[in-house]
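To convert, note that position 227 of the sequence shown is 237 in the numbering used here; the numbers rise steadily by one, no gaps.
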Amino acid sequence: MDTANLWLNSQLPAFIRGARLYPKPHHQSKDLAYYEEGKQGLAFHLVQKSNKREWILKKFHPPRQLDRDYLNAIRSLAPPGITFSSASRRVVLAKKDLQVSEGLYTGPDFENWLDGCILMKKVDGKSWKQVAQNLKTGKLNLPLGQRLLFARNLSQSIDLLMEAGCAHRDLSHENLFLDLQEYVVYLVDWDSMYHSSLSLPENSMVGTPGYIAPWLRIDSTSWDKNKSWQEKADLFALSILIAEILLTKKGTSSPGEGVNFSQKMLLSKRDPYMAEVMESFYQMAEPLGDLFRQTIMATSFEECPQPVDWIEALDHLEESLNEDKEEDDDSSSSMQVVEDEALEEKEEDKEEDNEEDNEEDELPEGVTEIEDAFEKFEDEDSEENSESLEEMEYEEEDILVSSSVNKSPLFNREQVKKISIAILIFLFLLVGHYFRDDLGSFFSSSGGSDSIPTTQIKSANDSSAVSEDGTPMVTPLEKYSLKILYTHDDLKMSIRDREVALNMANQAYVDIAPGNYPLSLTFTGVKILSDGREQYSDPKKITNTIRFGDNQDIIIQIDRQEETWKVLGN
């Protein structure tokens, strides 16, 4: 700590592995270097001011210092991918990694202090511990769809880890980070990792309270870390984290160890809270309840659900939610039809009332012409009908006006209104037919700068599809939303070699017939150098086949280092 504070107060950068790094000051005191304390050591926050990139320098507590060969092996054994970047891109420092020069912070004590530390780039997002706290206080609202995506990505990451013959061995709320903008999960703190080629360090950690499998317990104060030295060691903690991600909400209690569970709860299969969690899972989806029950009743890692089991259950729930949404949409459509029918009936009743009013204003029965009215008035002996000639002429004018307006004309006022609207629509369509390019240009350019571009793309087989009578078949287009998880502004996208404009958030809507299409993404690649630095390359165009089906909201994730992209959820 004293060494880090001296470095901070010198206001000088240290040139470590080719990067000029400064320690960040603590938010409560500018004279103290900002750090976070973990079970194995201290994590100091550094900043590279030239590009505002943030780094983490992990300094082990002396009793927890691990063998350098073990630490170096982790980088090469971790699977590729952004989720595992804090393992595959970190560097174990040696004295020679500090450059000595005027204007830089150096010195023998500082060299010794850095020796054996781990330098890694800070991952994006926040720890699940921070996210869960914001959920509990109501500062954050995380929809179920996003929770399912995070839980699925975590399950898929553990599956990839197992395929590589590895296990993290310390999955917890502190070592799982969520990027709420890009929907990416990160695993950090890899210094307990298992691989068959490695030997179990004597001072290795067994896990974090609130996530440790019950069968590892020896007594009230010790745990058997040898039982967790295997590739399935993450399965119990995976189930606990999925339960937390899906069920944590405003007002959820905190036991003081994990997000929602204490180690005492996990040791007791009859804890009331465990039963409550299981019931919540069953209410959400029966397969999820079965998997959580399987976890709680397990007596070994082999009896725990596999990541693929969780993926299938999560996908099943997502499909059910989509079906419910479609039913709600259909119900809304039905309600709209009922409302339309009620409106039509109301209009018909109004027309009938108008007709009745017209009938009241019509001439007496049998009188069809103005002359007949004169004859009828002359024949009547009533005094009230013996008006003067001038009065008769005035009444004749009134009758004439009344008959011209109300006496069952070709169209009443409501019909004239409808005919006028129909004529306007016809004229608009006629003009649009001859000037459709200009009109399309007008409407496409009328939106704001933040609007999402919409592109229409015909079906892949629209030119050859014909019906039995030989007429072309028209495949209806559907609207899809595409969001690419990419933070730079050089991204380009095309479907069937037709460029699709992206907004500033790298998102677009396309109207397209369901089916398989070639989708190309052009983006800047990145290469990780041996010293951990990133070197950017020229943009590369990567084309894969994408399916437009039932899922209307498509999220694409780019791996710039591997120069690949994939659709999340597939």
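A virtual CB, placed ideally from N, CA and C, is assigned to each residue, including glycine. Owing to the predicted nature of the structure, the values given are computational and were not obtained by experimental measurement.
Practice prompt. Report the partner residues of residue 233 according to the DSSP bridge assignment.
Written response: 227
Discussion item. Which residues does DSSP list as the beta-bridge partners of residue 525?
Written reply: 558
Worksheet entry | C-alpha distance - residue 263 paired with residue 116, whole-angstrom precision | 48 Å
Worksheet item: Three-state secondary structure (DSSP) at residue 576?
Response: strand
Fill in: Segment contact flag, the region 546-562 with the region 78-88, C-beta cutoff 8 Å, min 3 pairs
no
Worksheet item: Which stretch, first to last residue, makes up the alpha helix (DSSP H) that contains residue 156?
Response: 154-173
Discussion item. Helix, strand or coil, according to DSSP, for residue 140 in the structure here?
Written reply: helix
Practice prompt. Apply the 10 Å Cβ neighbour rule to residue 236 and answer buried if 16 or more other Cβ atoms are within range, or exposed otherwise.
Written response: exposed
Discussion item. Is there a Cβ of chain C sitting closer than 9 Å to that of residue 74, yes or no?
Written reply: The structure shown contains no chain C; it is built from a single protein chain.
Worksheet entry | heavy atom of the ligand NAP below 8 Å from residue 282 C-beta | As for the ligand NAP, it is missing from this structure, which has no ligand bound.
Practice prompt. Spell out the partners DSSP gives residue 35 in its beta bridges.
Written response: 43
Worksheet item: Any chance the region 564-572 sits against the region 492-505, with 3 or more Cβ pairs inside 8 Å?
Response: yes
Worksheet item: Can you tell me whether DSSP reads residue 550 as helix, strand or coil?
Response: strand
Worksheet item: If you draw a straight line from the C-alpha of residue 325 to the C-alpha of residue 530, how long is it?
Response: 27 Å
Worksheet item: How big is the Cα-Cα spacing for residue 190 and residue 548?
Response: 28 Å
Discussion item. Just list the residues that DSSP pairs residue 186 with in beta bridges.
Written reply: 197
Worksheet item: Between the beta-carbon of residue 200 and the beta-carbon of residue 249, is there less than 9 Å?
Response: no
Worksheet entry | Beta-carbon spacing of residue 159, residue 556 below 9 Å | no
Discussion item. Can you give me the C-alpha to C-alpha distance between residue 167 and residue 111, rounded to a whole angstrom?
Written reply: 43 Å
Worksheet entry | Terminal residues of the alpha helix (DSSP H) in which residue 255 lies | 245-257
Practice prompt. Can you tell me which of the three DSSP states residue 396 falls into?
Written response: Note that residue 396 has pLDDT 42, beneath the 50 cutoff, so the model's placement of it is unreliable and no number is given.
Worksheet item: Since residue 238 and residue 186 are thought to touch, with beta carbons under 8 Å apart, how far apart are those beta carbons, to the nearest angstrom?
Response: About 18 Å; that fails the 8 Å criterion.
Worksheet item: Would you report the Cα separation of residue 443 and residue 500, rounded to the nearest angstrom?
Response: Reliability of the predicted coordinates at residue 443 is poor, the pLDDT of 47 falling under 50, and the value obtained from them is presented with this limitation in mind. If you take the alpha carbons of residue 443 and residue 500, they lie about 37 Å apart.
Discussion item. Going by C-alpha to C-alpha distance, which of 107, 93, 19, 114 sits closest to residue 132?
Written reply: 93
Discussion item. For residue 122 and residue 208, I'd like the C-alpha separation in whole angstroms.
Written reply: 27 Å
Worksheet item: For the beta strand (DSSP E) that residue 125 lies in, which residues bound it at each end?
Response: No beta strand (DSSP E) contains residue 125, which DSSP labels as neither H nor E.
Practice prompt. Flag this pair as yes or no: are the beta carbons of residue 220 and residue 269 separated by less than 9 Å?
Written response: yes
Worksheet item: Would you report the Cα separation of residue 575 and residue 489, rounded to the nearest angstrom?
Response: 22 Å
Practice prompt. List the whole-angstrom C-beta distance separating residue 127 from residue 67, where the pair is believed to meet the contact cut-off of C-beta under 8 Å.
Written response: 6 Å
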